[in-house]
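Visitor:
Number of protein chains: 2
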Amino acid sequence: MNDHDRIAVAVDVVICMLQNEALTVLLIKRSDQDRWAIPGGIIGVGESLQSAAVRILEEETGMADVYVEQLYTFGEPDRDQRKRVVSVVYYALIPAQQIELKAGSGTDGAAWFNVDELPRLAFDHNEILDYALTRIRNKLEYTDVGFQLLPEEFTLTELQTAYEIVLGEHLDKRNFRRKILQANILHETGGMRTGEGRPAKLYRYRDGAFVEVKARRLFP
Amino acid sequence: MNDHDRIAVAVDVVICMLQNEALTVLLIKRSDQDRWAIPGGIIGVGESLQSAAVRILEEETGMADVYVEQLYTFGEPDRDQRKRVVSVVYYALIPAQQIELKAGSGTDGAAWFNVDELPRLAFDHNEILDYALTRIRNKLEYTDVGFQLLPEEFTLTELQTAYEIVLGEHLDKRNFRRKILQANILHETGGMRTGEGRPAKLYRYRDGAFVEVKARRLFP
DNA sequence: TATATTTCGTGTTGATCAGACACTTATATG
DNA sequence: CATATAAGTGTCTGATCAACACGAAATATA
Chain A
394 MNDHDRIAVA VDVVICMLQN EALTVLLIKR SDQDRWAIPG GIIGVGESLQ
444 SAAVRILEEE TGMADVYVEQ LYTFGEPDRD QRKRVVSVVY YALIPAQQIE
494 LKAGSGTDGA AWFNVDELPR LAFDHNEILD YALTRIRNKL EYTDVGFQLL
544 PEEFTLTELQ TAYEIVLGEH LDKRNFRRKI LQANILHETG GMRTGEGRPA
594 KLYRYRDGAF VEVKARRLFP
Chain B
394 MNDHDRIAVA VDVVICMLQN EALTVLLIKR SDQDRWAIPG GIIGVGESLQ
444 SAAVRILEEE TGMADVYVEQ LYTFGEPDRD QRKRVVSVVY YALIPAQQIE
494 LKAGSGTDGA AWFNVDELPR LAFDHNEILD YALTRIRNKL EYTDVGFQLL
544 PEEFTLTELQ TAYEIVLGEH LDKRNFRRKI LQANILHETG GMRTGEGRPA
594 KLYRYRDGAF VEVKARRLFP
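Protein sequences, first through last, are from chains A and B. With the first letter of the first sequence counted as 1, position 75 gets the number 468 in the numbering used here; the numbers rise by one all the way through. With the first letter of the second sequence counted as 1, position 15 gets the number 408 in the numbering used here; the numbers rise by one all the way through.
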């Protein structure tokens with residue numbers, strides 16, 4: 394087997410954030426490609442897969458301390474015409490906020506796309522995003538991923554809206570609040586969010602709460 | 394980066410089967426290693442990850458047409474002292490039966506181990522097996538993986554026993570039967586299994602049934 | 001061949017949970 | 001001060017889950 398035949402290992406990261414009442418994903422355009430793509434890179438020697446994902450995330454967004462989880466590994470022989478690449482794909486959920494995008498090296502630019510209005514992407518990246526969204530929607534129902542999309546403090550309405558955006562369906566206000574509060578995974582910070590209308594209590598996620606709640610589905 | 398630094402891509406396969414009222418996993422011992430290990434191999438050029446998993450499974454057991462699914466990719470830099478290996482791990486569930494183990498090339502032998510009585514394995518393979526078992530137990534509750542561990546025709550008691558072995562807990566007979574039958578994923582073959590005691594009806598899994606049942610948990 | 005043993009197969013009840021549904025309260029704004 | 005906006009709150013009904021015991025059908029044995 395000559396060097397040309399060797400298989401390259403890449404790490405790609407699906408970076409998701411809530412913006413303008415929509416779930417968005419960060420895509421980049423490389424100088425040598427005419428389609429948008431999921432950001433990624435070659436793994437460094439001595440670097441773990443997870444570290445590589447965190448590094449790529451940091452290079453694109455400048456953010457650290459973010460929820461990152463392995464999604465799936467894509468390795469069809471023909472997924473990249475140029476050479477054989479096995480991509481270990483991670484996904485990251487970052488709290489809603491304003492982010493200054495850093496143009497990574499070798500890229501023409503980066504932009505956030507509404508996940509419901511994606512263009513045709515490079516390689517098998519549309520397939521990867523489909524898979525990522527399915528995973529996130531599923532995990533929303535029985536893990537704490539929903540909280541990762543919000544800042545530390547949030548109102549129950551903001552939390553419900555986040556769930557509605559990701560799931561793409563309306564949820565009943567009273568049932569939602571009852572279930573979340575009964576699950577005992579939030580605590581009131583004491584602060585209030587003011588604005589037009591009645592002020593709302595602020596909550597914070599009880600970190601590690603899902604270790605206790607575990608197998609219990611939030612929305613069965 | 395010289396060739397020595399390059400990263401190798403391996404595919405490992407956790408092969409599980411029911412035997413003697415226990416869930417067992419197939420392990421091999423390589424001539425150059427003193428510990429048992431999960432069977433695996435280097436991926437061929439032009440071979441997809443899934444194909445490699447199926448090939449490895451066939452090499453070890455002689456079986457084709459088996460349930461195979463990707464589990465997780467393990468790639469810590471120090472997981473193999475000799476060189477950097479990224480392992481894409483699959484798991485396979487094969488129907489209970491007698492299997493003639495083929496000694497794969499370069500192996501000292503292969504054997505089935507009860508998953509509750511595993512020795513200390515090579516590399517990070519204990520960790521991988523823990524992860525695989527957790528996944529299988531979870532999927533048992535909301536997918537059709539349970540049926541993959543049984544032959545085509547089975548009695549309800551055999552199915553319940555399979556669930557009990559994998560989950561490691563006792564299930565109520567009447568509740569189990571009611572839930573399985575109401576889920577409408579089995580049909581009676583008309584045949585009966587005879588033996589000591591009253592004969593039992595034989596059932597067959599309605600293939601593709603979980604496409605319909607989908608999100609519905611069998612054991613919430 | 002009668003009896004014992006083994007395994008299959010079956011329903012009900014009470015408790016818990018999910019889903020549908022509408023009005024009052026607190027603040028900001030004009 | 002009146003109006004608009006969003007927050008916050010409870011009940012009832014139907015569905016689902018968990019707990020629970022015995023009769024039926026066959027084989028094995030005395």
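All C-beta atoms, glycine included, are put in the ideal place defined by N, C-alpha and C.
Within the same chain, show all residues whose beta-carbon is closer than 8 Å to that of LEU595/B, passing over the 5 residues directly before and after it, in chain order.
Guide: Here residue 595/B refers to the residue found at position 202 when the second sequence is read from its first residue. Cβ neighbours of LEU595/B beyond the five flanking positions: GLU546, PHE547, THR548, GLU581, THR582, GLY583, GLY584, MET585, ARG586.
Visitor: Which chain B residues sit within Cβ distance under 7 Å of ARG528/A?
Guide: Here residue 528/A refers to the residue found at position 135 when the first sequence is read from its first residue. None at all; the shortest Cβ gap to chain B is about 13 Å.
Visitor: Going by the beta-carbon positions, is the gap between CYS409/A and LEU416/A smaller than 8 Å?
Guide: In the first sequence, residue 409/A corresponds to position 16, counting from 1. In the first sequence, residue 416/A corresponds to position 23, counting from 1. Against a cut-off of 8 Å, the Cβ pair of LEU416/A and CYS409/A comes out as a contact.
Visitor: Is SER480/A helix, strand or coil by DSSP?
Guide: Here residue 480/A corresponds to residue number 87 of the first sequence, with the count starting at 1. Three-state DSSP puts SER480/A in a strand.
Visitor: In three-state DSSP terms, what is THR582/A?
Guide: The residue given as residue 582/A occupies position 189 in the first sequence. Looking at THR582/A - three-state DSSP - the assignment turns out to be strand.
Visitor: For GLY468/B, go through chain A and note every residue whose CB falls closer than 8 Å to its CB, in chain order.
Guide: As a first step, residue 468/B must be located in the second sequence, where it is residue number 75. What GLY468/B touches in chain A: VAL402, ILE436, SER441, LEU442, VAL481.
Visitor: Check for me: the alpha helix (DSSP H) holding PHE569/A runs from which residue to which?
Guide: Sequence index remark: in the first sequence, residue 569/A carries index 176 (1-based). Counting along the chain, the alpha helix (DSSP H) containing PHE569/A begins and ends at 566-575.
Visitor: In angstroms with no decimal places, state the Cα-to-Cα distance between TYR524/B and GLU510/B.
Guide: Start at 1 with the first residue of the second sequence, and residue 524/B comes out as number 131. Start at 1 with the first residue of the second sequence, and residue 510/B comes out as number 117. Looking at the two C-alpha atoms, the distance is approximately 16 Å.
Visitor: Quick check on the DSSP output: what are the complete alpha helix (DSSP H) runs of length 4 or more inside the stretch 480-561 of chain B, in order along the chain?
Guide: Whole alpha helix (DSSP H) segments, 4+ residues: 518-535, 538-541, 549-560.
Visitor: Can you list the residues of chain B that TYR465/A reaches, using a CB-CB cut of under 8 Å?
Guide: Here residue 465/A refers to the residue found at position 72 of the first sequence. Neighbours of TYR465/A on chain B, chain order: GLN463.
Visitor: Do the stretch 480-494 of chain A and the stretch 443-463 of chain A touch if we need at least three Cβ pairs shorter than 8 Å?
Guide: They touch, by the three-pair rule.
Visitor: Could you check which residue in PHE467/A, TYR598/A, ALA593/A, ILE435/A has the C-alpha nearest to that of PHE516/A?
Guide: Numbered from 1 along the first sequence, position 123 holds the residue referred to as residue 516/A. Among PHE467/A, TYR598/A, ALA593/A, ILE435/A, the Cα nearest to that of PHE516/A is on PHE467/A.
Visitor: For ARG399/B, go through chain A and note every residue whose CB falls closer than 8 Å to its CB, in chain order.
Guide: Counting from one through the second sequence, the residue named residue 399/B turns up at place 6. Those within 8 Å of ARG399/B in chain A are ARG399.
Visitor: Please state the DSSP three-state secondary structure of VAL459/A.
Guide: The residue labelled residue 459/A in the question sits at position 66 within the first sequence. Three-state DSSP puts VAL459/A in coil, outside helix and strand.
Visitor: What distance in whole Å lies between the Cβ atoms of LEU450/B and ALA555/B, which are believed to be in contact at a cut-off of 8 Å?
Guide: In the second sequence, counting from the first residue as 1, residue 555/B sits at position 162. In the second sequence, counting from the first residue as 1, residue 450/B sits at position 57. Not really, about 20 Å apart at Cβ, beyond 8 Å.
Visitor: Would you mind working out which of PRO432/B, GLY437/B, PRO488/B, ASP427/B sits nearest ALA457/B, comparing C-alpha positions?
Guide: For this step, residue 457/B is matched to residue 64 along the second sequence. Nearest option by C-alpha distance: PRO488/B.
Visitor: Closer than 7 Å by C-beta to LYS532/B: which residues in its own chain qualify, once you throw out the five before and the five after it? Chain order, please.
Guide: Indexing the second sequence from 1 puts residue 532/B at position 139. If we look at LYS532/B and ignore the five residues flanking it on each side, its Cβ neighbours are VAL538.
Visitor: Check the Cβ-Cβ distances between ARG475/A and every residue of chain B, and say whether any is below 8 Å.
Guide: On the first sequence, residue 475/A is found 82 positions in, with the first residue counted as 1. Judged by the 8 Å Cβ criterion, ARG475/A is not in contact with chain B.
Visitor: Just grab the DSSP bridge partners of VAL418/B for me.
Guide: Taking the first residue of the second sequence as 1, we reach residue 418/B at position 25. Partner(s): CYS409/B, PHE506/B.
Visitor: Taking the alpha-carbon positions, what's the ARG475/B to GLU589/B distance?
Guide: Counting from one through the second sequence, the residue named residue 475/B turns up at place 82. Counting from one through the second sequence, the residue named residue 589/B turns up at place 196. Distance between the alpha carbons of ARG475/B and GLU589/B is about 55 Å.
Visitor: Going by C-alpha distance, which of LEU579/B, ARG428/B, GLY455/B is nearest ARG513/B?
Guide: The residue labelled residue 513/B in the question sits at position 120 within the second sequence. Taking only the C-alpha atoms, the option nearest ARG513/B is ARG428/B.
Visitor: Pick out whichever of THR527/A, GLU520/A, ALA593/A has its Cα sitting closest to the Cα of LEU552/A.
Guide: The count along the first sequence starts at 1 and reaches residue 552/A at position 159. It is ALA593/A.
Visitor: Counting along the chain, where does the alpha helix (DSSP H) carrying ILE449/A start and finish?
Guide: Your numbering for residue 449/A matches position 56 in the first sequence. ILE449/A -> alpha helix (DSSP H) spans 442-454.
Visitor: From the DSSP output, in three-state form, read off VAL404/B for me.
Guide: Residue mapping note: residue 404/B aligns to position 11 of the second sequence, counting from 1. Looking at VAL404/B - three-state DSSP - the assignment turns out to be strand.
Visitor: GLU557/B to ARG530/B, Cα distance in whole Å?
Guide: Here residue 557/B corresponds to residue number 164 of the second sequence, with the count starting at 1. Here residue 530/B corresponds to residue number 137 of the second sequence, with the count starting at 1. Their backbone Cα atoms lie some 10 Å apart in a straight line.
Visitor: Return the first residue and the last residue of the beta strand (DSSP E) that ILE435/A is part of.
Guide: In the first sequence, the residue the question calls residue 435/A occupies position 42. It spans 433-435 - the beta strand (DSSP E) in which ILE435/A sits, taken as one unbroken run.
Visitor: Would you verify that the beta carbon of MET410/B is, or is not, closer than 8 Å to some beta carbon of chain A?
Guide: Looking up residue 410/B in the second sequence gives position 17. No, no contact with chain A.
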